[in-house]
Every structure is written in C-alpha cells, then in structure tokens.
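So the sequence lines, in the order shown, correspond to chains A and B. Under this note's numbering, the final residue of the first sequence carries the number 388; numbering is consecutive throughout. Under this note's numbering, the final residue of the second sequence carries the number 776; numbering is consecutive throughout. Don't be surprised by glycine CBs; every beta carbon is placed ideally from N, CA and C. Only one structure is covered here, and it is reproduced in the block below.
2 protein chains.
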Amino acid sequence: MISIPLQQGSNAERSRHRNRQAVLGQVHLAGTIGRAEIARTLALTTQTVSNIIAELSDDGMLIEKGRLSVGRGQPAIQYALNPTGGYALGVEVRPDAVFAALLDLTGQAVTKERVALTGTAPEIVLDQVTAVYARALDQVPMARGRMLGAGIVMPGPFGLTGIAGMGTDLTGWQEVDATALFSKAMDLPIVLSNDANAAAMAERITGTAQEMRSYAYLYFGTGLGLGLIHDGQLVQGAYGNAGEIGHIPVPGPHAKLEDVVSRLSVQRHLMNAGLDVHDIDALDRLFAQKNAALMAWLDTACDALGHAVAIVENLFDPQTVVLGGAMPNAILKHFVAHTPLPDLSVSNRPHAPHPRLILGASGRMTATLGAAALILNRALTAPLSHVH
Amino acid sequence: MISIPLQQGSNAERSRHRNRQAVLGQVHLAGTIGRAEIARTLALTTQTVSNIIAELSDDGMLIEKGRLSVGRGQPAIQYALNPTGGYALGVEVRPDAVFAALLDLTGQAVTKERVALTGTAPEIVLDQVTAVYARALDQVPMARGRMLGAGIVMPGPFGLTGIAGMGTDLTGWQEVDATALFSKAMDLPIVLSNDANAAAMAERITGTAQEMRSYAYLYFGTGLGLGLIHDGQLVQGAYGNAGEIGHIPVPGPHAKLEDVVSRLSVQRHLMNAGLDVHDIDALDRLFAQKNAALMAWLDTACDALGHAVAIVENLFDPQTVVLGGAMPNAILKHFVAHTPLPDLSVSNRPHAPHPRLILGASGRMTATLGAAALILNRALTAPLSHVH
DNA sequence: GGATTAACTCAATTGAATTGAATTATCAAT
DNA sequence: ATTGATAATTCAATTCAATTGAGTTAATCC
Numbered sequence: 001m002i003s004i005p006l007q008q009g010s011n012a013e014r015s016r017h018r019n020r021q022a023v024l025g026q027v028h029l030a031g032t033i034g035r036a037e038i039a040r041t042l043a044l045t046t047q048t049v050s051n052i053i054a055e056l057s058d059d060g061m062l063i064e065k066g067r068l069s070v071g072r073g074q075p076a077i078q079y080a081l082n083p084t085g086g087y088a089l090g091v092e093v094r095p096d097a098v099f100a101a102l103l104d105l106t107g108q109a110v111t112k113e114r115v116a117l118t119g120t121a122p123e124i125v126l127d128q129v130t131a132v133y134a135r136a137l138d139q140v141p142m143a144r145g146r147m148l149g150a151g152i153v154m155p156g157p158f159g160l161t162g163i164a165g166m167g168t169d170l171t172g173w174q175e176v177d178a179t180a181l182f183s184k185a186m187d188l189p190i191v192l193s194n195d196a197n198a199a200a201m202a203e204r205i206t207g208t209a210q211e212m213r214s215y216a217y218l219y220f221g222t223g224l225g226l227g228l229i230h231d232g233q234l235v236q237g238a239y240g241n242a243g244e245i246g247h248i249p250v251p252g253p254h255a256k257l258e259d260v261v262s263r264l265s266v267q268r269h270l271m272n273a274g275l276d277v278h279d280i281d282a283l284d285r286l287f288a289q290k291n292a293a294l295m296a297w298l299d300t301a302c303d304a305l306g307h308a309v310a311i312v313e314n315l316f317d318p319q320t321v322v323l324g325g326a327m328p329n330a331i332l333k334h335f336v337a338h339t340p341l342p343d344l345s346v347s348n349r350p351h352a353p354h355p356r357l358i359l360g361a362s363g364r365m366t367a368t369l370g371a372a373a374l375i376l377n378r379a380l381t382a383p384l385s386h387v388h
Numbered sequence: 389m390i391s392i393p394l395q396q397g398s399n400a401e402r403s404r405h406r407n408r409q410a411v412l413g414q415v416h417l418a419g420t421i422g423r424a425e426i427a428r429t430l431a432l433t434t435q436t437v438s439n440i441i442a443e444l445s446d447d448g449m450l451i452e453k454g455r456l457s458v459g460r461g462q463p464a465i466q467y468a469l470n471p472t473g474g475y476a477l478g479v480e481v482r483p484d485a486v487f488a489a490l491l492d493l494t495g496q497a498v499t500k501e502r503v504a505l506t507g508t509a510p511e512i513v514l515d516q517v518t519a520v521y522a523r524a525l526d527q528v529p530m531a532r533g534r535m536l537g538a539g540i541v542m543p544g545p546f547g548l549t550g551i552a553g554m555g556t557d558l559t560g561w562q563e564v565d566a567t568a569l570f571s572k573a574m575d576l577p578i579v580l581s582n583d584a585n586a587a588a589m590a591e592r593i594t595g596t597a598q599e600m601r602s603y604a605y606l607y608f609g610t611g612l613g614l615g616l617i618h619d620g621q622l623v624q625g626a627y628g629n630a631g632e633i634g635h636i637p638v639p640g641p642h643a644k645l646e647d648v649v650s651r652l653s654v655q656r657h658l659m660n661a662g663l664d665v666h667d668i669d670a671l672d673r674l675f676a677q678k679n680a681a682l683m684a685w686l687d688t689a690c691d692a693l694g695h696a697v698a699i700v701e702n703l704f705d706p707q708t709v710v711l712g713g714a715m716p717n718a719i720l721k722h723f724v725a726h727t728p729l730p731d732l733s734v735s736n737r738p739h740a741p742h743p744r745l746i747l748g749a750s751g752r753m754t755a756t757l758g759a760a761a762l763i764l765n766r767a768l769t770a771p772l773s774h775v776h
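Structure, rendered in structure tokens:
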C-alpha cells in the first residue's frame, strides 16, 4: 500500500474520490462551512456536494454543526470534520527510541508514547512499532477500523547516496524497503518520509500554515532539514531525498550548514565550553539563564540561518519560511526574532502579505505528529488543477 | 485567459479534458503508440482511449502511422502527434529586441524572427509582438485557428521584490499585468515566465529530458537562472519568482553567484583583460582559440557552478541537472565536462540512472523556444494523481 | 490448419455529474 | 403583519463519459 505518482486517466470513480477529498479539504480549511459555499469554491453544483456530504456523513467523517444565517436566504447547515471519523498513526524512528502518536481526523493527538529501542535492526523496530500501534488501538477502540494509515519518519537520506553512512542513517535499514515492511506488519497504508518533511506537513494540517499552499519549513533535528510544500503537496524530489539543506556548503571555517545550525552543533559548542547538554529542557534552562556560550552559538547560528533563508527564498519564492523542530520554543522564537533576513531576496517585498520567517511547532514530538499529518493531508487535499 | 491554480472538483467534462491531455501526452512521450498501450498506462479501457483518439483525430491533433506487429495478436494501429494540429507562439522580450518563434505541436520551430526594439515601454513592445505574431500567421496560414497560446519570456523577477531595480527588470513593466495585456492584444491564452523556466520546459518538450518528470535546469542568461520541473510541471513559487539562484551568496570575494557565473560575468572578466566581447559567436571563437583569460574565467566559474549544483541537488534531489542557455555550445560542453560535482550530495549515488549534469539546448533562441514549450506542455501533460 | 493471443468495435449499462423545477427559511421593504 | 427577494436545499429527470460484455479481425505459435 504505497503511494505511487502515476500518470493516470480519470473516470467516474476516480472523480468521486477526488471530489470527496476536495470537500473534506474545504471543510478542514474552513472549520465549519455550508454546502453551497463548498460547491462554489470547488466549481461543482450544490446537488453534487449534497450527495457527497450525505456519503461522508454516513461514513462518519462529517458532522452537522447547526445553521448559520448570513444575510438573506435560508441559513446554510454547517458541517465540520468529525474528529472520530478517521485516525492516523504517526511514528518516528530514532536510533535510541520510537515515538508514536495517534491523531484524530482534526489533527488532535489522542495518544502519545515513547518506547526505548534496544537496537535499530528492522525486526526490533518493527516489533516495537506494531506493539505501540496495538496499544494505541486499545486506548482508543474507536480508531479500530477507521485507520487512514501510518506516517513513518526515519532519518534520511533514503537509498544509497553520497551523504549516506555519515551518521544520519539508521543502521540495518540501508537495503530495506521500509514502506513495504511497515505496510505488511501493520496492514495500513504507509507514507515514509524524513523529519523535516513531516514537520512541514504538520503546519499545514494543524499549525500556522493552514491556509498556505506554498511554503518552506526549516527543521531543527539532529541536523538541519528542509521541508518544501508546493501547491499543498510535499516536494520530495525524484528519489525522496529533497530538502537536505544541512549539507550545503557555507562560508566560514565549517564545511556545511548543519555544522553551524543544528542540535549536534549546539551540543558540540557547549561541550567545548564545558557544558554537557543532551536534552531540550536543559537547553531551555541555559537559554533562560542567558548562558554566554549558548548566546555566542546563537549569534553564529542566526547568521548561518539567514544564509539558508536567502537560498530557500531565492530558489522557491515561498509564501513564508516556517522555523521549527526539536528545539526549545524560546530558542526558536529567538531565531525568528534575530535571524538577519537578506535584502537580496525575491521575498524582500515592500508589502509582504506574510512575515518572511514565522514560528512553527517545537519540541520532541514535532516530527512524530507530522508523520501522522502526512496521512491526514492525503485525506484532505486534492491535487489542484490549472484552469484557463 | 490566464492560468490560475485552483482547488477544483471534477466532473465528466473535466475528466474528458484531462484524459485528452493524458492521451496526447502519452503519444508525445512515445513518438508513436497504439491505443491499447495508452489504455494500459493510463488505467483506462481501450474503448475509452478509442473514443478519445477518434475525437483527437477529428480535431487534427493525431495521425495514423500504420500498424505495428509485436508478437501475437492483431497489430496495433500506431498514432503520432500531427505537427499541424496545433501551434504555440514563443516570445522573448529583451531590453533591446523581441525574439519570436512559432512551434508546431511536435515542438518544431516553423518560424523564427528577431525584431529590434526602440524602447521597452509596454505600447512599443506590444506593437512589435502583435506584429511579429501577425507575420508568423501569414507565413504559416495553417496555424490560424489552431493556436494553443503564447508563452512570453520577460526578465524577472515579477512584482516588487528585494532584487527588483537591479538592472534585470524591464523598465516600464514593473506595475503592469503583462499576462492580461498580451492576452487582450493577441486574443490568446498566455503563460508568462522567466527565461530559465521556459528553457527548462523546452527540454521536456523537445530536448534531453523528455522522459523525466523531475529535474533542474541551470540557465545561462544575462545572469544565472534556475528552472525546476517537478512531476512534469514548473515549480514557480508562490509569486512566480522561484529559481533566482544567481542571487544566492557564494564563498569568495564576490557577493553573489551570478557575479561569477553568467554572461555578464564573463564579459566583465574579458573586458578587464582588454577584450570587448558582446555576442555568443565571439565568445565561441575565443573558446576555440583557448584564450587564456576565458580559460581562467572558466576555472572560477566551474567551481562556482559546482557549488550551485550542490545546492540544487541537496535541496531538490532531481533526476538530473541540465545545463543550457544563451552560451556557445562548446562552452556549455566544457562546463558539463569540467564542473566538479560535490561528493556531499544526495545525488552522488553509486548506481545513478542518469548522469548528474547533462547538456541542454544552447544558443540565442533557447528561451524563446522554451516560451512556446510552456504552452505545448499544457496541452501534453496532465497533472499526476497519487494512487494508493 | 487450428489454437491462441491481442487489438479493435459495437451496443448496452453504469456511475456521477448536471439541469430544472419545487420547497423552505431567512431578511428587507412596505 | 404582509409581501417580495434571496439563498439553501431537495427531488426527479437528464446528460456525459466512462465501463462492461460480446463479437470481429489479424497476427503468431504449434
């Protein structure tokens, strides 16, 4: 059950599928909305939308939310996503642990769990993931039979590339078809991605970028990742490894960007200052204390981040750049406030509709929640068509 | 008649339109192909494809090319694009001249023209463009009534941005809705883009990237541009200014990439060496003579280009990077052969299916032909759907 | 020469949209 | 308070473009 991009023709069945997706997407975007308005935005007739909504209500995906009177005419019956209408599992596999969360259709987490790993071999990981999935279903029996799929986040890059074997890869997984493996073990549709892509998608489903269709997300993980959303869909590249912004060369004594901007980088820097900091909370405390070593690192990192933003803006011309990831919220806020935004950029507009750099989700679970968002997005976003 | 991306539902009419596009796309891709094979790749029935092909043949878009026997069974009637079935006009507006070309449905140029400009004011440009369009229709009367649209290439960036007013913009056009203007003047669907995007699309329609759906194109223009093709469509960014790779900072004494890699850069460098070189042919002759100043510039440029390739590969993970533009072919070949490809890249694969850097179209008309390709692509490429 | 295979065609059916007419609920004007 | 305008909704009939199933044709294989 993998997702394959395919040049495919259209027929009645596939049209209906697309229209169901589009209707759900409009409801998600609006929060609550009436049929006539959906019909107008999708260029369908109200009758068609009525039929689809009846179907989706039967399936438990939508619920009525009373009537809303706007000016003259009969007030429109409002519809909203039914939270219990569908669930998505998000799983993040790290070298030392598996994080998992079960999200309802509206993107709310209904379970969260962390499981330590004794190794990263596929059998060990698979055992723990299926176990955590089973426990999630036990906690939320309603989700059984309503699972939309599972998003799996693993350290990229995927396949054999020039940056493989550099510590980011999960040992034992280089030659494995992870999608097929998880799909078989859990009997679910699987989407596989890296942390940055997942986090980027989370912003579209529940975060600060819900109304945007084109934006970039800079993700603080072990390294630095980039998630690109274009027309509401991830740009994953021809082989699924797009967004490895941490590996681009930067000016200065360091070889690559994530040597200066990443969790590993700050840990190394603090270690040189005699501080052994290994988790987000400790980092948060240091920041609250305005620790000199940390502040020095932040200065360098802000400059490098400005460089990264310059590249991303000029290459993609996004609506905005979102900053988030496995970092304390206060530090991300500091970055948003203090990163020097380049003048020489297509995004340096006199009357910009959005800030160029905004705050995204932070904390340990960001990528895990994003993994589930990859699945939810599939249910809620129809590919767009270009009309003339 | 502009192209607006829109979340839109599907109905019978729009399905048929999509299927016609997809059938034409398969014929274009294959050169000649039978109905049953098209039906298989598009997941439609042969009956449906038969009906669509009958329609397209009636419209003059397809022609029969005999039967092809492959093993057992009745040999399939082969179909090919009918060159005279549709035409696209490509227009490139430069500060000093307008270039135009009329392409038939297969991407062959049937007319080419250069018109000098006395100024860049919208009225002047519009007059010359409509005149050159009229002359093209006179030369190819068959094209009258069969025009698919016009692609217009103008110096970006579009709208007000941080890199506007830096010599790349066309004076008098900053506040103008160029698409509406051309559309009204010529009564044609218009696609507006920059030179790099257009050239990138040309490779997909007639060039070296016909079978690829995701690649990047580095374009030597006045500056250095980037065209991104993802899933067979241009990635233009939220405001249409994606691909301004020339403006990203580079290591070294220069501020930005196109200070080192571009036509302006080589001209400036040669000027410092006492050589006043202003056109492609002169540059070609210098290269043939292995001129020392030029060779020195090439060394620096190759390094910088390698830096650009590293960024593009790690951010997009494309199938390949195509190098082309308004440069002598021999020099582009030199770049392809001598640009140092970074080891630290997701594209550095042990068994790469494509070379990482390949040669694209070169010469003065590259972007002009590409402008027309933007229109042809619209007729030949259906957006893809993700099936599970 | 008969069996097999595959492309193609014809006619009937189906799925999902649209169309058009009728109904209902609200606002606005008299 | 009544009436008219407006907009959402529903019902029934229609239309569009696909699929389905049965037959025909033209090649290869044995």
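- Taking the Cα positions, Leu270/A is about 14 Å away from Asp299/A.
- Leu732/B belongs to the set of residues whose beta carbon lies under 8 Å from a beta carbon in chain A.
- At a cut-off of 8 Å between C-beta atoms, Glu425/B does not count as an interface residue with respect to chain A.
- When rounded, the separation of the alpha-carbon atoms in Gln396/B and Ala209/A is 20 Å.
- A direct Cα-to-Cα measurement between Ala304/A and Val700/B gives close to 18 Å.
- Residues of the segment 651-673 of chain B with a Cβ closer than 9 Å to any Cβ of chain A: none.
- Assigned with DSSP and collapsed to three states, Gly246/A falls in helix.
- Secondary-structure assignment with DSSP links Lys112/A through a beta bridge to Ala101/A.
- For the segment 617-636 of chain B, the beta-carbon criterion of a distance under 9 Å to any beta-carbon of chain A is satisfied by His618, Asp619, Gly620, Gln621, Val623, Gln624, Gly625, Ala626, Tyr627, Gly628, Asn629, Ala630, Gly631, Glu632, Ile633, Gly634, His635 and Ile636.
- As the crow flies, the alpha-carbon of Leu384/A is around 18 Å from that of Gly413/B.
- For Phe546/B, no alpha helix (DSSP H) run applies, since DSSP gives it neither H nor E.
- At a C-beta separation below 8 Å, His642/B has no neighbours in chain A, since its nearest C-beta there lies roughly 11 Å away.
- Contact annotation: Ala590/B and Leu580/B have beta-carbon atoms that are not nearer than 8 Å.
- Arg502/B has a beta carbon lying at 8 Å or more from every beta carbon in chain A.
- The three-state secondary structure of Tyr133/A, taken from DSSP, is helix.
- Within its own chain, the residues whose Cβ lies closer than 6 Å to the Cβ of Gln236/A, once the five positions on either side in sequence are excluded, are Ala242, listed in chain order.
- Annotation for His657/B: the continuous alpha helix (DSSP H) segment containing it runs Arg651 to Asn660.
- By the rule that beta-carbons nearer than 8 Å mark a contact, Asn11/A touches chain B.
- Secondary structure at Met147/A: strand, using DSSP grouped into helix, strand and coil.
- Close to Leu44/A, with beta-carbon spacing below 9 Å, are these residues of chain B in chain order: Gln396, Gly397, Ser398 and Asn399.
- For Ser733/B, same chain residues with a beta-carbon under 6 Å away, outside a window of 5 residues either side, are Ala698, Glu701 and Asn702 in chain order.
- Taking the beta carbon of His695/B as reference, the chain A residues within 9 Å of it are Ile248 and Pro249, listed in sequence order.
- Listed along the chain, the chain B residues whose CB falls inside 7 Å of the CB of Asp187/A amount to none; the nearest CB is some 14 Å away.
- In this structure, Ala196/A sits near Gly227/A, with a CB-CB distance shorter than 8 Å.
- Between Ala330/A and Trp297/A, the alpha-carbon positions lie close to 15 Å from each other.
- Runs of the alpha helix (DSSP H) spanning 4 or more residues and lying entirely within the segment 330-386 of chain A occur at 366-380, in chain order.
- Judged by DSSP in its simplified three-state form, Leu170/A adopts coil rather than helix or strand.
- Assignment of beta-bridge partners to Glu92/A by DSSP yields Phe99/A and Val153/A.
- Here Ser750/B is buried, its C-beta having at least 16 other C-beta atoms within 10 Å.
- For Gly25/A, at least one C-beta of chain B is nearer than 8 Å to its own C-beta.
- Residue pairing from DSSP places Gln621/B in a beta bridge opposite His618/B.
- Interface criterion not met: the Cβ of Ile746/B is under 8 Å from no Cβ in chain A.
- For Asp687/B, the closest Cβ of chain A is not nearer than 8 Å.
- A distance below 6 Å between beta-carbons, with the five flanking residues on each side excluded, links Ala22/A to the following residues of its chain, in chain order: Leu42 and Ala382.
- Going by DSSP, Lys65/A is part of no alpha helix (DSSP H) but of the beta strand (DSSP E) stretching over Leu62 to Leu68.
- Residues of the segment 590-620 of chain B with a Cβ closer than 7 Å to any Cβ of chain A, in chain order: Ser602, Leu614, His618 and Asp619.
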